[in-house]
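Peer 1: In UniProt numbering, the protein residues as written are 1 to 522.
Just so you know, even glycine gets a beta-carbon here, dropped at the ideal spot from N, CA and C.
There's a structure below that I have some questions on.
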């Protein structure tokens, strides 16, 4: 069996230019062009087989999945050492001032990992959330509604439709009102109902990711004359910084613009990645210049931070399902667009010299492990060689929820929590909550139904491959796989269980990205 897996995962990475002369123009690099032509001819062959890859595969047991993990780990270790080994690959973070400091790089990555891996989703009370929004934005709605693509506001639309029906009929389904339930007036999204101590937003919006303070926060000295707490030694489990840099501070548009430090941000990826374009703009309260994932690349960039605020910054999104570089295709090499993928050209000199922060993800577009690894290494080698001053931040791919359809059938968007937060006061709806533990992979040979890729095991394995590549190339990896695996709620539904409604769980990325950029200023 191991021989079969090894053959299936056999690396097809191509030799890539190893020159460290970053001023060298790749236009005049014949080795680069030879590799680029060979790379695309091979990857086009891979993509022609991608339809077959989407069909049910050979059933695997949990032990066989574990064997695949081990093989993939061994292969990526060899490839990253071969491609990115310049003697300092773990001693610096490209796009920052951090160089030749192995301990600091490790501490920063440990701190980010602690924030994403050691925490839980905590429900914020309606009143507390309302007061936070008033203080942060001066508006009762604040960041609690999206200003972007209307498709991500469908959950809010269902929520408000339910309120309207309750106001006129008493029940969500239009049946006769129950005693004391009928609303007397039309509520506005984001409004605080003081009489019932209820904030008029969906339940999925009321949860916030909170890292474990004891493990991830600053080490606080014991008061004078007292002994440290008994039990487990906190220093043994502490991850990251011990000082105030370990604080997980809340996002504000002003502070976010300060840590951006006048650097523009380019968001690149597939449809799941497009949500972050809307997320960052909505959180910053800025206007939109484009709508739809295919229309943003060639439109004017968005102002992410105001030009008159001292820290101007812009945002742009490019749809590229596989992060192909340097361009989508080259007609001179008999290459043509692939109908199964969208590959807008994002890795151009014009864009990468202007956008110094690049936010990437390959998303849920299924590729075999060798194809996934081949293309990601090629992409990061391109960035590593020609754009060493760009900060690359890669987020983990989120698992798809198997409970999403069930929750939509139980009308999770229309549910309104009672004062104790345990049940829904709207008849016919069921209150949904985040999970307390991350989903576990299952054997796909249980004979229940055909299995389609990617499975949870595929997502977990390829996230590990991505981490190894990104960190070897001097980038930052946000390991949010388990964090969002615990959020089966708050998703779009109606056939789309990979993306979230807005606002919703993805709002946690505003705090995470802000704190990540903050400690990178170390």
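Hey, how far is the Cα of residue 484 from the Cα of residue 434?
Peer 2: Residue 484 sits at position 484 when you count from the first residue of the chain shown. Residue 434 sits at position 434 when you count from the first residue of the chain shown. Roughly 9 Å separates the two Cα atoms.
Peer 1: Taking the alpha helix (DSSP H) that residue 291 belongs to, which residues open and close that run?
Peer 2: Stepping through the chain shown from its first residue, residue 291 is reached at position 291. Premise fails: residue 291 is in no alpha helix (DSSP H) and is neither H nor E.
Peer 1: Using three-state DSSP, classify residue 384 as helix, strand or coil.
Peer 2: As a position in the chain shown, residue 384 is number 384, starting the count at 1. If DSSP states are grouped into helix, strand and coil, residue 384 belongs with the helices.
Peer 1: So, are the CB atoms of residue 546 and residue 272 less than 8 Å apart?
Peer 2: With the chain covering 1 to 522 only, the question about residue 546 has no answer from this structure.
Peer 1: Restricting to Cα atoms, I'd like to know which of 346, 489, 397 is closest to residue 409.
Peer 2: For this step, residue 409 is matched to residue 409 along the chain shown. Of 346, 489, 397, the residue nearest in Cα terms is 489.
Peer 1: Evaluate contact between the region 264-278 and the region 495-503, counting only Cβ atoms and requiring at least three cross-stretch pairs below 8 Å.
Peer 2: yes
Peer 1: Out of 148, 453, 193, which has the shortest C-alpha to C-alpha gap to residue 417?
Peer 2: For the purposes of this step, residue 417 is taken as the residue at position 417 of the chain shown. Closest option to residue 417, Cα to Cα, is 193.
Peer 1: For the candidate residues 403, 292, 342, 188, whose alpha-carbon lies nearest to that of residue 150?
Peer 2: As a first step, residue 150 must be located in the chain shown, where it is residue number 150. Nearest option by C-alpha distance: 292.
Peer 1: Run the CB neighbour count on residue 424, radius 10 Å, all protein chains shown included, and call it buried at 16 or more, exposed below.
Peer 2: As a working mapping, residue 424 is identified with position 424 in the chain shown. Classification for residue 424: buried.
Peer 1: Should residue 377 be labelled buried (16 or more other beta-carbon atoms within 10 Å of its own) or exposed?
Peer 2: What you label residue 377 is simply residue 377 of the chain shown in a count that begins at 1. Residue 377 should be labelled buried.
Peer 1: Would residue 479 be called buried (16 or more neighbouring beta carbons within 10 Å of its own) or exposed?
Peer 2: Within the chain shown, numbered from 1, the residue matching residue 479 stands at position 479. Looking at its Cβ environment, which holds 16 or more other Cβ atoms inside 10 Å, residue 479 is buried.
Peer 1: How many angstroms separate the CA atom of residue 347 from the CA atom of residue 325?
Peer 2: On the chain shown, position 347 is the one that residue 347 refers to. On the chain shown, position 325 is the one that residue 325 refers to. Residue 347 and residue 325 have their C-alpha atoms roughly 6 Å apart.
Peer 1: Tell me whether residue 203 is buried or exposed, calling it buried when 16 or more other Cβ atoms sit within 10 Å of its Cβ.
Peer 2: For this step, residue 203 is matched to residue 203 along the chain shown. Buried is the call here.
Peer 1: Can you pull the DSSP bridge partners for residue 360?
Peer 2: Against the chain shown, residue 360 aligns to sequence position 360. 268, 394, per the DSSP bridge assignment.
Peer 1: Which residues mark the beginning and the end of the beta strand (DSSP E) in which residue 520 is found?
Peer 2: Here the question's residue 520 lines up with position 520 in the chain shown. Residue 520 -> no beta strand (DSSP E), and no H or E assigned at all.
Peer 1: Taking just the CA atoms, how far does residue 77 sit from residue 520?
Peer 2: Start at 1 with the first residue of the chain shown, and residue 520 comes out as number 520. Start at 1 with the first residue of the chain shown, and residue 77 comes out as number 77. Their backbone Cα atoms lie some 25 Å apart in a straight line.
Peer 1: Rounded C-beta distance between residue 119 and residue 243? I'm assuming under 8 Å.
Peer 2: Here the question's residue 119 lines up with position 119 in the chain shown. Here the question's residue 243 lines up with position 243 in the chain shown. Not a contact, Cβ separation roughly 20 Å.
Peer 1: Using only alpha-carbon positions, find the residue among 284, 165, 366 that is nearest to residue 321.
Peer 2: Looking up residue 321 in the chain shown gives position 321. Residue 321 has its Cα closest to that of 366, out of 284, 165, 366.
Peer 1: Would you report the Cα separation of residue 176 and residue 146, rounded to the nearest angstrom?
Peer 2: As a working mapping, residue 176 is identified with position 176 in the chain shown. As a working mapping, residue 146 is identified with position 146 in the chain shown. At residue 176, the pLDDT of 49 sits below 50, so the modelled position is not reliable; the number obtained from the coordinates is stated separately. Rounded to whole angstroms, residue 176 to residue 146 spans 33 Å at the Cα level.
Peer 1: On the CB-based measure, 16 or more other CB atoms within 10 Å of its CB, does residue 541 come out buried or exposed?
Peer 2: This structure cannot speak to residue 541, because the chain is shown only from 1 to 522.
Peer 1: In chain order, what residues of the same chain have a beta carbon less than 6 Å from the beta carbon of residue 577, not counting five sequence neighbours either side?
Peer 2: Outside the shown range of the chain (1 to 522) lies residue 577, about which nothing can therefore be said.
Peer 1: Could you check the C-alpha separation between residue 96 and residue 389 for me, to the nearest Å?
Peer 2: The sequence position of residue 96 within the chain shown is 96, counting from 1. The sequence position of residue 389 within the chain shown is 389, counting from 1. Distance between the alpha carbons of residue 96 and residue 389: 8 Å.
Peer 1: Given that a residue counts as buried once 16 or more other Cβ atoms are within 10 Å of its Cβ, and exposed if not, what is residue 471?
Peer 2: The count along the chain shown starts at 1 and reaches residue 471 at position 471. So residue 471 ends up on the buried side.
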